[in-house]
Amino acid sequence: MKVLIPGALRSYTRQAEVEAAGDTLDAMFDDLDHRYPGLRFRVVDEQGHLRPNMRLFVNGLGVRDLAHALRQDDFVAVVLALSGG
Amino acid sequence: MNRTNAPRPPARRAKPAAGARRLAVLVATRKGAWLFRSDAKRKAWATDGPHFLGHTISHMVLDPRDGRTLLAAVKTGHLGPTIFRSADFGRHWKEAQQPPAFANLPGLPARSVDHTFWLTPGHASERDTWYAGTSPQGLFRSEDGGVTWAPLPSVNDDPTFRGWMGTVQDGTPDGPKLHSITVDPRDPSHLLFAMSGGGVHESRDAGRSWRTLIEGLQVVQGFDPANVSFHDPHCVRVCATRPDRLYQQNHCGIYRLDGWGGEGALTWERIGRKMPKRVGDIGFPMVLHPRDPDTAWVFPMDGQTVWPRTSPDGRPSAYVTRNAGRTWRRLDVGLPEAQAWWTVKRQAMTVDAQPEPALYLGTTSGELWIGRDGGERWSTLARHLPEIYAVEVAELA
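Shown next, in the form of structure tokens:
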């Protein structure tokens, strides 16, 4: 699947859009961490929770549950929350 | 004679004091980190930065064992916490492979590290050992120079400690902190740390077991001093040349403890009682002379009503004791005389180890000050920085 990476994480990926694999969002972040070491912990904490102020969109729909199932043709956007300025 | 053409006497070049070394002041801020390098006279300063512009840096520390490795505790408003390491004094940075993170154990409420707050290099004999304190309160150790970090379960997963720590809900608005990690220069297994809140604790066996050091410390009026949860040490320091002596700036006063490392009962003595009554003895930082165990500095703040944490009456000043706390003297020459409402945080004041030590402090309004002659004459080294969280000074090789 294609994953849109926010500017704050491009020091890891060096590009705005990357490829990743995984049956769930959790597995997708494992795969991203394998490709770009350190990325996952900046987004997902040690208890497996999405960090506050981070948002995920799958095909344009907001999702917080990292167990959310993915298909290989999904488009995932990782976004820094926008609120308050 | 044309005055402008009169030959001038050759300019006198002040020689640095014997033994003086070039210095670097390491400044960690809410929006990045800076290094200010000086010559041995501390006259000419060169600015190196920003590093990590936009990142929140809680602490940046030089490894005194090699004089070139820097560790920085980093996060951003959105991204999770991590540690960056430089092996060449900030020219290149590399992220830790395994930053501090809590274990996930059954039976205790799960916690996540919000940020690493405090970094301490290990003992001189343990070349690659570092300690980190986090918010919420956690103690971590690295034995590979800061590349990978492991939690200390004797603290992080101990039900008694967890009770004293409380939850994030019980902490201050910026989060409860584990700080003041201290390694006894006489013994690498003798450790100490403090928690805001949660008291002061020491270990004689490299962190496998702990005992609490709160005897003599006061708590907010009306609360039980026997309850460790109510103790709020702000900063604890050990004397470099007399390691049995500790000083502490606490939420409830300034204290000294003698006999640390001995076998007898240890009791803190409130030495802040000798501070002027209108100033009080509340503050964040505690700074010790590099060689004289009787000399220490504090920077008082207003701890009344809603705790503004600004200087009393808007008139900032350091105070020094030269006799281990029997008397204190105000040091405000050069500092604003009125209407200055900034705060100096617990890691944002330090002293160098030059033959004639100078103090350094960073303010929440982004000013970096030097207090020459042990704080007798203050002047700014930098202005308009972001809010300053921590200031460290290091001697350059």
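Those sequence lines, one after another, are chains A and B.
In terms of this note's numbering, the first sequence opens at residue -10 and continues consecutively.
In terms of this note's numbering, the second sequence opens at residue 696 and continues consecutively.
Backbone N, C-alpha and C fix where the C-beta goes; we use that ideal spot for every residue, glycine too.
Next item on the list: Please confirm if the stretch 792 to 805 of chain B is in contact with the stretch 837 to 853 of chain B, defined as three or more CB-CB distances below 8 Å between the two stretches.
Entry: Touching, yes, given that three or more Cβ pairs across the two stretches are closer than 8 Å.
Note to self: According to DSSP, simplified to helix, strand and coil, what is A723 (chain B)?
What the structure shows: A723 (chain B) falls in the strand class under three-state DSSP.
Note to self: So, with DSSP's three-state summary, where would you put L21 (chain A)?
What the structure shows: In this structure, L21 (chain A) counts as helix in the three-state DSSP scheme.
Note to self: Which residues does DSSP list as the beta-bridge partners of E1087 (chain B)?
What the structure shows: Note: E1087 (chain B) sits in a beta bridge opposite B:L721.
Next item on the list: Using a cut-off of 7 Å between C-beta atoms, extract the partners of P794 (chain B) located in chain A.
Entry: Chain A residues near P794 (chain B): F30.
Margin query: Counting C-beta neighbours from all protein chains within 10 Å, is the total for F918 (chain B) 16 or more, i.e. buried, or is it exposed?
Written below: Exposed, since its Cβ has fewer than 16 Cβ neighbours within 10 Å.
Notebook entry, point to check: Given a threshold of 16 other Cβ atoms within 10 Å of its Cβ, counted over all protein chains shown, does N48 (chain A) qualify as buried or as exposed?
Noted result: Around the beta carbon of N48 (chain A), a 10 Å sphere encloses fewer than 16 other beta carbons of the protein chains shown; the residue is thus reported as exposed.
Check: Along the chain, where does the beta strand (DSSP E) that runs through G894 (chain B) open and close?
Finding: Where G894 (chain B) is concerned, the enclosing beta strand (DSSP E) stretches over G894 to S898.
Check: With respect to the alpha helix (DSSP H) encompassing R932 (chain B), which residues constitute its N-terminal and C-terminal limits?
Finding: Following the DSSP letters along the chain, one finds R932 (chain B) in no alpha helix (DSSP H) but inside the beta strand (DSSP E) bounded by residues P928 to V933.
Margin query: At the 8 Å Cβ level, is N799 (chain B) part of the contact set with chain A, yes or no?
Written below: N799 (chain B) counts as touching chain A.
Check: Is P1081 (chain B) helix, strand or coil when you go by DSSP?
Finding: DSSP, reduced to helix, strand and coil, places P1081 (chain B) outside both helices and strands of the structure shown, so it counts as coil.
Checklist line | Contacts around A66 (chain A), its chain only, beta-carbon distance under 6 Å, and the 5 residues preceding and following it disregarded | finding: L(-7) and F46.
Next item on the list: Using a Cβ cut-off of 7 Å, pull out every chain B residue sitting near D34 (chain A), in sequence order please.
Entry: Near D34 (chain A) (Cβ distances below 7 Å), the residues of chain B are G775 and S807.
Next item on the list: For A70 (chain A), go through chain B and note every residue whose CB falls closer than 8 Å to its CB, in chain order.
Entry: Within chain B, the residues near A70 (chain A) are H773.
Margin query: Beta carbons nearer than 9 Å to chain B: which residues of the stretch 37 to 64 of chain A have them?
Written below: Answer in chain order: G37, H38, R40, P41, N42 and M43.
Check: Does the distance from the C-beta atom of F779 (chain B) to that of R763 (chain B) stay below 8 Å?
Finding: Not in contact: F779 (chain B) and R763 (chain B) (Cβ atoms no closer than 8 Å).
Next item on the list: Identify, in the order they occur along the chain, each residue of the same chain with its Cβ nearer than 6 Å to the Cβ of P704 (chain B), setting aside the five sequence neighbours on each side.
Entry: Any reading at P704 (chain B) is ruled out, since the residue's pLDDT is 46, under 50, leaving its predicted position unreliable.
Notebook entry, point to check: Ordered along the chain, which non-local residues of its own chain (more than five positions away) have a Cβ less than 6 Å from that of T962 (chain B)?
Noted result: Only E910 and G911 meet the Cβ criterion.
Check: Does the beta-carbon of D869 (chain B) have 16 or more other beta-carbons within 10 angstroms, so that it is buried, or is it exposed?
Finding: Sixteen is the threshold: since fewer than 16 other Cβ atoms of the shown chains lie within 10 Å of the Cβ of D869 (chain B), the residue is exposed.
Notebook entry, point to check: Roughly how many whole angstroms lie between the Cα atoms of D22 (chain A) and N922 (chain B)?
Noted result: About 43 Å.
Margin query: For a contact defined as C-beta to C-beta under 7 Å, what are the partners of E1082 (chain B) on chain E?
Written below: Here the protein chains are A and B, and chain E is not one of them.
Note to self: So with CB distances below 8 Å, who are the chain B contacts of A(-3) (chain A)?
What the structure shows: One finds T771, H773 and L774 in chain B with Cβ atoms closer than 8 Å to the Cβ of A(-3) (chain A), taken in chain order.
Note to self: Within the continuous alpha helix (DSSP H) that includes G858 (chain B), where are the two ends?
What the structure shows: In the DSSP annotation of this structure, the continuous segment of the alpha helix (DSSP H) that includes G858 (chain B) starts and ends at P854 to M860.
Notebook entry, point to check: Is the CB of E790 (chain B) under 8 Å away from at least one CB in chain A?
Noted result: Taking CB atoms only, E790 (chain B) has a neighbour in chain A less than 8 Å away.
Check: Mind pulling the chain B residues with CB within less than 9 Å of G27 (chain A)?
Finding: Result: T777, E790, A791, Q792 and P794.
Checklist line | E1087 (chain B) classed as buried or exposed, judged by whether at least 16 other C-beta atoms fall within 10 angstroms | finding: Counting Cβ neighbours within 10 Å, E1087 (chain B) comes out buried, since at least 16 surround it.
Margin query: Just to confirm, is the Cβ distance from R760 (chain B) to A819 (chain B) under 8 Å?
Written below: In this structure, R760 (chain B) sits near A819 (chain B), with a CB-CB distance shorter than 8 Å.
Next item on the list: Report the three-state DSSP secondary structure of I949 (chain B) (helix, strand or coil).
Entry: Three-state result, I949 (chain B): strand.
Checklist line | For G(-4) (chain A), the nearest candidate out of B:G749, B:M1044, B:F731 and B:R717 (CA to CA) | finding: Nearest option by C-alpha distance: B:G749.
Check: When the Cα atoms are used, what is the spatial distance from F856 (chain B) to T1005 (chain B)?
Finding: Their Cα atoms are separated by approximately 31 Å.
Check: When the distance is taken between beta carbons, is A1013 (chain B) closer than 8 Å to L1063 (chain B)?
Finding: No.
Notebook entry, point to check: Excluding sequence positions up to five away, which residues of its chain have a Cβ less than 6 Å from the Cβ of L1091 (chain B)?
Noted result: Same-chain partners within the cutoff: R717 and A719.
Note to self: So, with DSSP's three-state summary, where would you put P848 (chain B)?
What the structure shows: Under the three-state reduction of DSSP output, P848 (chain B) falls in the helix class.
Next item on the list: Note down the Cα distance separating E1051 (chain B) from L1030 (chain B), rounded to an integer number of angstroms.
Entry: Answer to the nearest angstrom: the Cα atoms are 20 Å apart.
Check: Using DSSP with H/G/I as helix, E/B as strand and the rest coil, what is A1013 (chain B)?
Finding: Looking at A1013 (chain B) - three-state DSSP - the assignment turns out to be strand.
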